[in-house]
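Using my numbering, read the sequence shown as starting at 5 and increasing by one per residue. Beneath this line is the structure, given in structure tokens, with notes to follow.
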Amino acid sequence: MRQETALPIAAPASASLSESAETARGAWLVFGAALAWSFGGAIARGLEIPDPWAVVAWRSIFAALFLLGFMLWRDGPAGTLRLFRTMGLPGVAVGCCFATASVSFVVALGYTSVANILLMQAGVPLIAALLGVVFLRERVDRVTWAAIFAVISGIAVMVSDSFAASVSFAGDGLALLIAVVFATATVITRRHSGVRMTPAVCLGVLIGAAVGITLSESLAVSGRDLLLLLLFGALNLGLGMALFVTGARLIPSALAALISTIEPVLGPVWVWLIHAEVPAPRTLAGGALVFLALIGHILWQWRKSRRMALPLPN
């Protein structure tokens with residue numbers, strides 16, 4: 005009897021198409037996270053609270069309330085409790101990573117410049133790619149490596165006008181720690197893609213809230229600041245984290261970290277539009293380089309996925 009070959013040939017094409025759609029979904033979710041995070045600077049510019057730890061406390065509280073509300077709406081009380089119970093050590097690790105990054109950012113600002121912190125954060129895709137190669141055996145192609153170094157170069161140009169005159173080992177060390185723990189959280193999320201990490205980031209902001217409440221002098225804020233803190237916590241931090249951990253488990257670690265660097269590119273744009281702070285020429289030039297690198301890589305990834313999804317000839 006002659007064997008039918010159409011079905012075995014069609015299966016890989018269908019699988020490739022499904023994988024391509026999943027990759028696209030993950031990329032868009034991570035882009036949404038970076039977009040939400042990029043409004044952080046514009047919101048922070050409008051705050052009048054002198055105590056940074058009060059900002060950390062309120063921002064984390066509102067982020068935790070948003071994430072809890074989201075899980076209760078999506079999964080119900082029993083499902084939410086089950087998510088916390090089943091996230092295990094990977095979830096605890098991701099939560100601790102995000103809490104460390106959040107608290108370290110506030111402390112680092114007291115020792116080094118925002119420019120130095122941004123430059124260190126530009127290394128997140130590189131660190132995530134290296135961790136992915138070592139621990140996940142993920143293959144990083146030459147185009148992705150090129151995009152990573154283009155992004156680092158672009159952010160270096162963006163912040164080159166405001167480099168600190170002297171090196172602060174404490175501040176720059178904390179900035180490097182932020183980059184490392186963020187990349188680590190990205191790789192853990194990818195490694196344990198079957199684990200829902202929304203409760204993990206909720207745990208992270210709860211830790212941040214506890215630290216902020218403990219170290220703040222007073223939590224008293226004006227009604228206007230409270231509204232801005234609601235946006236800062238619920239939309240900027242909570243929604244951003246929820247989108248990131250949902251998308252990062254669907255795409256390679258290097259790609260997730262690479263897309264997230266759109267945050268420092270769009271950040272100055274919102275500050276410009278909302279607060280009329282015109283970006284410096286180097287900020288525009290470096291941002292354009294980062295943007296072109298990301299768009300070029302996304303288009304290349306899209307073409308590659310399209311080629312993989314094409315059915316094999318009979």
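Note that CB positions come from ideal geometry on N, CA and C, so glycine has one too.
Under the three-state reduction of DSSP, Ala280 is assigned to coil, being neither helix nor strand. In the DSSP annotation of this structure, the continuous segment of the alpha helix (DSSP H) that includes Pro203 starts and ends at Thr202 to Leu219.
Runs of the beta strand (DSSP E) spanning 3 or more residues and lying entirely within the segment 114-139 do not occur at all. Judged by DSSP in its simplified three-state form, Val225 adopts coil rather than helix or strand. In this structure, Val191 and Ala132 form a Cβ contact; the two beta carbons are roughly 6 Å apart against a cut-off of 8 Å.
For Thr265, there is no enclosing alpha helix (DSSP H), as DSSP marks it with neither H nor E. Inter-residue distance for Phe153 and Ala258 is about 12 Å (C-alpha atoms, whole angstroms). Judged by DSSP in its simplified three-state form, Pro256 adopts coil rather than helix or strand. Per the coordinates, the alpha-carbon of Ser197 lies some 19 Å from the alpha-carbon of Val144. DSSP, reduced to helix, strand and coil, places Asp55 outside both helices and strands of the structure shown, so it counts as coil.
Just so you know, the alpha carbons of Ala97 and Leu207 end up roughly 10 Å apart. With distances taken between CA atoms, Trp41 lies nearest to Glu267 out of Glu267, Trp77 and Ile217. Setting aside the 5 residues that flank it on each side, Leu130 is surrounded in the same chain by Ile152, each with a C-beta closer than 6 Å to its C-beta; the list follows chain order.
Nearest to Ala37 by alpha-carbon distance, out of Arg194, Pro256, Asn240 and Arg307, is Asn240. Between Leu219 and Ile159, the C-beta gap is not smaller than 7 Å, which leaves the two residues out of contact.
Segment contact: the segment 76-83 against the segment 231-249, fewer than three CB-CB distances shorter than 8 Å; contact not assigned. Distance from the Cα of Arg29 is smallest, within the candidate group Phe109, Pro285 and Leu254, for Leu254.
A straight-line Cα-Cα distance of about 21 Å links Leu180 and Trp57.
By the neighbour-count criterion, in which 16 or more other beta carbons inside 10 Å mark a residue as buried, Ala261 falls on the buried side. Separation of the CB atoms of Gly212 and Ser108 is rounded to 11 Å, and the pair is thereby denied contact status at 8 Å.
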